[in-house]
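Working notes, structure below.
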Amino acid sequence: MDLSFYEPLYEITADAGVLVRGRSPEELLCNAVLAAVNEMVDLPKVKAREEVLLGVESAGFPYLLADAVNEVLYLFDSKKFVPKECKVLELSPDGTKAVLLLKGETYDPERHGKKLLLKAATYHRLEVKKKNGEYEAKVVFDI
Numbered sequence: 003m004d005l006s007f008y009e010p011l012y013e014i015t016a017d018a019g020v021l022v023r024g025r026s027p028e029e030l031l032c033n034a035v036l037a038a039v040n041e042m043v044d045l046p047k048v049k050a051r052e053e054v055l056l057g058v059e060s061a062g063f064p065y066l067l068a069d070a071v072n073e074v075l076y077l078f079d080s081k082k083f084v085p086k087e088c089k090v091l092e093l094s095p096d097g098t099k100a101v102l103l104l105k106g107e108t109y110d111p112e113r114h115g116k117k118l119l120l121k122a123a124t125y126h127r128l129e130v131k132k133k134n135g136e137y138e139a140k141v142v143f144d145i
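This is the structure we're talking about:
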């Protein structure tokens, strides 16, 4: 599985962070979700066996991105669901609402491994911008 769409940010003390890229806002949103998952488990070992629909609303696209990641962290914490694939089915023109289709499976620590325990994506230092025709987001997590 190609994970070149993101890189961990190591300059953040006492927290974790990722720099995520995408060719569109939809791809950026899904890549942020998958980057967060890969910081917690070995994403290539996850299988796309189950589907979960996820609706998210927020004040604007940067917050929507962080809130979508937080909803996925909640799914992991409460239902042990680990997504491997993500597709944006709907994204409102103003970037305040989205519906995501997640495909994954129940977390298996033996197979998926265990990396960081991410508590939440924060609004602190959250950045979303378009750079050289590509979208980029910086997301910081409480750990």
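The sequence shown begins at 3 in the numbering used here and counts up one residue at a time.
Just so you know, even glycine gets a beta-carbon here, dropped at the ideal spot from N, CA and C.
task: Provide the residue(s) that pair with R23 in DSSP beta bridges, ordered along the chain.
output: In the sequence shown, the residue the question calls residue 23 occupies position 21. Residue pairing by DSSP places R23 opposite E138 in a beta bridge.
field: Cβ neighbour criterion (16 or more within 10 Å) applied to L50
entry: For the purposes of this step, residue 50 is taken as the residue at position 48 of the sequence shown. According to the sequence shown, residue 50 is Ala rather than Leu. That one is exposed.
task: Name the two residues that bound the continuous beta strand (DSSP E) containing P85.
output: Here residue 85 refers to the residue found at position 83 of the sequence shown. Membership of P85 in the beta strand (DSSP E) is indicated by the continuous run 83 to 93.
message: Helix, strand or coil for K1? Go by DSSP, reduced to three states.
response: The displayed coordinates of the chain run from 3 to 145. Any statement about residue 1 would go beyond what the structure contains.
task: Mind reading off the beta-carbon distance from V74 to L66? Whole number of angstroms is fine, and I expect it under 8 Å.
output: Walking along the sequence shown from the start, residue 74 turns up at place 72. Walking along the sequence shown from the start, residue 66 turns up at place 64. Not really, about 13 Å apart at Cβ, beyond 8 Å.
- prompt: Does the separation of the CB atoms of K9 and L21 fall below 7 Å?
  reply: The sequence position of residue 9 within the sequence shown is 7, counting from 1. The sequence position of residue 21 within the sequence shown is 19, counting from 1. The question names Lys, but residue 9 is Glu in the sequence shown. Yes; because the gap between Cβ atoms is below 7 Å, this pair is in contact.
message: Distance check for V142 and T98, CA to CA, integer angstroms please.
response: The residue you call residue 98 lines up with position 96 of the sequence shown. The residue you call residue 142 lines up with position 140 of the sequence shown. For T98 and V142, the distance between alpha carbons rounds to 20 Å.
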